[in-house]
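Chains as they are written, first to last, in the UniProt record's numbering: chain A, 1 to 236; chain B, 1 to 236; chain C, 1 to 236; chain D, 1 to 236. Where a beta carbon is used, it is the ideal one built from N, C-alpha and C, also for glycine. Below: one structure, written as structure tokens.
Here's what the structure looks like:
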């Protein structure tokens with residue numbers, strides 16, 4: 001089913017085509033400090049196709065021809081088969097190790113796009129909040145949507161983002177991320193301790209603005225915590 | 001009165017036309033960290049027209065055709081009528097939730113432009129100054145103008161910026177912002193606790209440089225406070 | 001002697017012409033946080049002409065036609081005459097208030113260019129070093145030149161930058177800056193407490209790299225001081 | 001053997017030619033704060049040629065014609081001969097003072113590219129880790145390769161980067177850097193106390209991503225140390 005020649009799936013003059021957007025957005029994320037050193041990235045689901053960047057490459061120098069295209073819903077690879085692709089790059093590239101984590105957002109939240117960052121604000125939040133959940137209230141949380149895809153939170157709500165423990169292999173986070181998403185059905189993202197964060201949205205614009213909102217909140221929360229300021233005014 | 005076809009109000013080859021400036025300035029503000037995650041923005045009043053960006057969109061990707069045009073002075077909407085527009089985008093967009101706050105700057109200060117940021121420097125200032133007013137002296141405050149539109153402050157003056165309390169809905173800040181502007185007639189901006197700041201000027205250049213000056217002062221003040229340095233040398 | 005029509009002094013296709021360089025460099029300085037909110041700038045002396053930016057404008061939006069050209073050596077204005085220009089902009093602009101300070105660098109150090117920043121690293125250094133001189137040793141000071149225009153410092157030397165007290169009017173710093181330059185003949189710059197720094201070099205490239213070196217040292221010194229690390233290992 | 005006219009070695013339309021890449025990468029490193037004030041840089045080895053930038057110049061304004069080309073393996077200069085070049089710029093430029101240090105990475109690690117930064121994160125790490133080696137565990141170290149050119153580290157490993165003491169002349173670091181590379185055969189870089197870091201890779205992409213990974217780790221480690229958080233969870 002995979003074809004190395006299915007270039008028509010990633011060649012487009014439309015700047016909003018996923019294969020053009022992913023390289024552009026990754027360049028922008030690089031300058032935000034979210035995806036340096038080959039870490040992090042974004043995937044976009046459009047109808048029955050999922051567009052994913054390669055792993056282990058410079059994220060600010062991705063080309064549309066480097067993009068993988070997978071079917072949605074995915075035919076899960078069995079122990080005896082490889083993952084199924086609609087298109088893979090001719091180069092010797094491997095799809096992002098985040099692929100199964102991105103899939104959680106599609107399957108459990110009906111997301112159209114999922115972003116993974118190694119933002120230091122997210123990592124510091126997981127170090128300064130040592131329990132299983134990051135919480136903040138009375139900040140500009142109203143940009144964040146319930147479950148990442150629902151209605152906006154209110155200024156009076158408490159934002160909760162679960163924190164899962166890191167594993168040596170990115171793929172092994174799939175189950176614990178899914179569990180956290182089930183346990184915290186309103187969570188708009190999942191933090192990974194000492195590693196980063198996964199955030200999603202109904203489409204790439206919303207996934208990106210959700211990530212910006214959460215990253216902003218992680219940053220200000222870390223500043224507040226280090227300054228000795230309370231970060232949670234609501235009764236817990 | 002509103003017309004979705006009045007595109008001539010926002011289509012111009014002049015880079016200094018408000019409908020071209022707003023997208024350009026919002027891109028710049030995005031990179032300054034002032035308007036990430038759809039928050040914040042700028043409006044420009046030119047003669048009897050006010051140009052306003054949409055709400056809830058990626059502020060670094062606004063197009064001139066997304067801009068709303070309102071008459072000035074505004075025909076205030078009654079409980080039974082909608083807000084009056086000279087031009088609204090064809091897309092399913094809503095005007096910035098800051099609209100009534102921007103209006104305060106026109107009505108009470110005769111401003112030609114007003115900027116709203118979620119700058120973390122402004123937010124941290126509202127957390128570290130817990131009274132109703134932020135004060136600093138003996139810094140480069142001479143770029144700030146009295147009331148935002150008057151003569152420049154002197155190095156020997158004390159800069160005062162009132163801080164109002166946040167509300168769940170942006171619109172509900174209108175009255176408390178207006179009260180603060182009346183109570184502090186020399187204030188060049190109004191801080192909103194745990195939220196951001198509103199700053200204005202006689203035109204977009206001056207609103208922008210006023211915002212830069214104040215943001216610079218919030219940033220250095222927060223650094224000083226966290227380093228244990230006194231921020232107010234004048235007798236209070 | 002001043003002519004508003006002497007546009008040939010500032011119109012050139014050469015990107016290295018001072019009237020083209022000043023706008024480009026100011027844009028770059030804006031993004032470094034050195035000249036936001038209309039503060040700071042750069043002047044360039046080429047032979048018998050000095051090129052200076054206007055005061056009170058957005059430094060990242062200067063055009064070549066905004067540049068003032070003055071003769072060097074300057075005919076000092078008497079109480080009854082205005083400053084002498086070879087060219088001034090047609091617009092209602094005033095030359096940079098730093099002009100007499102820039103002149104110190106020409107007269108006392110034979111500089112070809114002088115830069116003034118409001119960098120927060122410089123300002124914080126003046127707050128954390130409360131005596132008349134900022135000192136650091138055992139950092140990458142070897143990029144700094146003795147007196148700003150001489151041989152490079154050695155890693156084993158101590159870098160000294162005098163700090164003068166701020167005044168309400170920029171022009172009034174002229175004498176105390178000159179005194180500091182005489183008292184500290186090896187100084188590569190002069191800090192102004194709660195305000196910023198003046199740095200110079202034999203030409204614009206060297207003035208810029210000197211400013212970068214010093215700003216880097218102010219930044220790391222402030223970080224060290226706040227972390228409780230000693231900043232001076234040489235015997236004082 | 002040196003020729004000032006061998007311009008064909010540095011003139012190419014291929015953006016990935018080393019003489020085009022070095023200027024582009026240095027511009028990017030400048031904006032990351034790695035090479036301001038003429039410090040730092042990158043060299044690229046391609047087959048039997050080594051491409052090196054000049055010393056003491058603005059690293060963000062290098063042109064391809066400024067690049068030096070040296071043979072590999074190098075004919076070591078004797079006390080009576082100069083270093084041997086295949087091409088040197090017509091201008092009065094000197095090759096980077098890092099040249100012998102870059103050579104360590106070629107000779108001891110078979111690197112294809114080596115990067116030197118003055119990143120403040122690296123410098124602060126050398127100040128806060130006062131022994132001969134920087135160590136961190138349980139962070140995103142898996143982007144770092146064993147010895148800089150081997151297999152990736154695991155999340156469960158401890159990253160070790162030796163720290164050597166600075167010397168007044170860059171060239172004099174050659175032997176102590178080589179010793180550290182021999183003593184720590186798995187090290188992916190060498191920190192220089194109060195100065196910066198050297199990092200390498202099999203080619204320029206990998207040298208760059210290795211540098212990004214290490215710089216990210218220095219940055220987060222410094223934040224953790226200053227926040228009082230433990231940086232080493234593995235038994236030492």
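Beta bridge counterpart(s) of residue i as assigned by DSSP
{"i": "residue 114 of chain C", "result": "C:43 and C:200"}
{"i": "residue 51 of chain D", "result": "D:44 and D:69"}
{"i": "residue 134 of chain B", "result": "B:161"}
{"i": "residue 95 of chain A", "result": "A:54"}
{"i": "residue 152 of chain D", "result": "D:145"}
{"i": "residue 190 of chain B", "result": "B:198"}
{"i": "residue 87 of chain D", "result": "D:69"}
C-beta neighbour in chain B for residue i, strict 7 Å
{"i": "residue 231 of chain A", "result": "no"}
{"i": "residue 99 of chain C", "result": "no"}
{"i": "residue 41 of chain C", "result": "no"}
{"i": "residue 63 of chain A", "result": "no"}
Test: residue i CB closer than 7 Å to a CB of chain A
{"i": "residue 83 of chain B", "result": "no"}
{"i": "residue 114 of chain D", "result": "no"}
{"i": "residue 212 of chain D", "result": "yes"}
Residue i versus the options, residue with shortest Cα-Cα distance
{"i": "residue 99 of chain A", "options": "A:85, A:21, A:137 and A:90", "result": "A:85"}
{"i": "residue 267 of chain D", "options": "D:10, D:32 and D:78", "result": "No statement about residue 267 of chain D is possible, as the shown extent of chain D runs from 1 to 236 and does not include it."}
{"i": "residue 212 of chain B", "options": "C:43, C:35 and C:92", "result": "C:35"}
{"i": "residue 96 of chain B", "options": "B:125, B:159, B:22 and B:218", "result": "B:22"}
{"i": "residue 139 of chain D", "options": "D:224, D:19 and D:33", "result": "D:224"}
{"i": "residue 57 of chain A", "options": "D:215, D:234 and D:204", "result": "D:204"}
{"i": "residue 146 of chain B", "options": "B:161, B:179 and B:70", "result": "B:161"}
{"i": "residue 155 of chain B", "options": "B:199, B:142, B:111 and B:110", "result": "B:142"}
{"i": "residue 30 of chain B", "options": "A:216, A:221, A:222 and A:228", "result": "A:216"}
{"i": "residue 158 of chain A", "options": "A:178, A:180 and A:188", "result": "A:188"}
{"i": "residue 114 of chain A", "options": "A:228, A:20, A:197 and A:221", "result": "A:197"}
{"i": "residue 70 of chain C", "options": "C:109, C:78, C:88 and C:61", "result": "C:88"}
{"i": "residue 94 of chain D", "options": "D:174, D:219 and D:38", "result": "D:38"}
{"i": "residue 13 of chain D", "options": "D:64, D:102 and D:82", "result": "D:64"}
{"i": "residue 120 of chain C", "options": "B:228, B:6 and B:222", "result": "B:222"}
Neighbour flag for residue i against chain D, beta carbons, 7 Å
{"i": "residue 58 of chain A", "result": "yes"}
{"i": "residue 24 of chain C", "result": "no"}
{"i": "residue 36 of chain A", "result": "yes"}
{"i": "residue 165 of chain C", "result": "no"}
Beta carbon proximity, residue i to chain C, threshold 7 Å
{"i": "residue 16 of chain B", "result": "no"}
{"i": "residue 117 of chain D", "result": "no"}
{"i": "residue 127 of chain D", "result": "yes"}
{"i": "residue 74 of chain D", "result": "no"}
Residue i burial status per 10 Å Cβ neighbour count (16 or more: buried)
{"i": "residue 230 of chain D", "result": "exposed"}
{"i": "residue 169 of chain D", "result": "exposed"}
{"i": "residue 153 of chain D", "result": "buried"}
{"i": "residue 8 of chain A", "result": "exposed"}
{"i": "residue 137 of chain B", "result": "buried"}
{"i": "residue 201 of chain D", "result": "buried"}
{"i": "residue 182 of chain D", "result": "exposed"}
{"i": "residue 124 of chain B", "result": "buried"}
{"i": "residue 207 of chain B", "result": "buried"}
{"i": "residue 150 of chain A", "result": "exposed"}
{"i": "residue 194 of chain C", "result": "buried"}
{"i": "residue 16 of chain D", "result": "exposed"}
Listed by chain order, chain F residues near residue i by CB distance under 8 Å
{"i": "residue 156 of chain D", "result": "The structure shown contains no chain F; its protein chains are A, B, C and D."}
| Can you list, in chain order, the residues of the stretch 192 to 210 of chain A whose Cβ is nearer than 9 Å to any Cβ on chain B? | 205, 208, 209 and 210
| query | Got a sec: which bits of the stretch 136 to 153 of chain B sit with their beta carbon under 8 Å from any beta carbon on chain C, in order along the chain? | reply | 138, 139, 140, 142 and 143
| query | If contact means a Cβ-Cβ distance below 7 Å, which residues of the stretch 216 to 231 of chain B contact chain C? | reply | 216, 219, 220, 223, 224, 227 and 229
| field | Contact set between the stretch 176 to 189 of chain B and chain A, restricted to residues whose Cβ is under 8 Å from the partner | value | none
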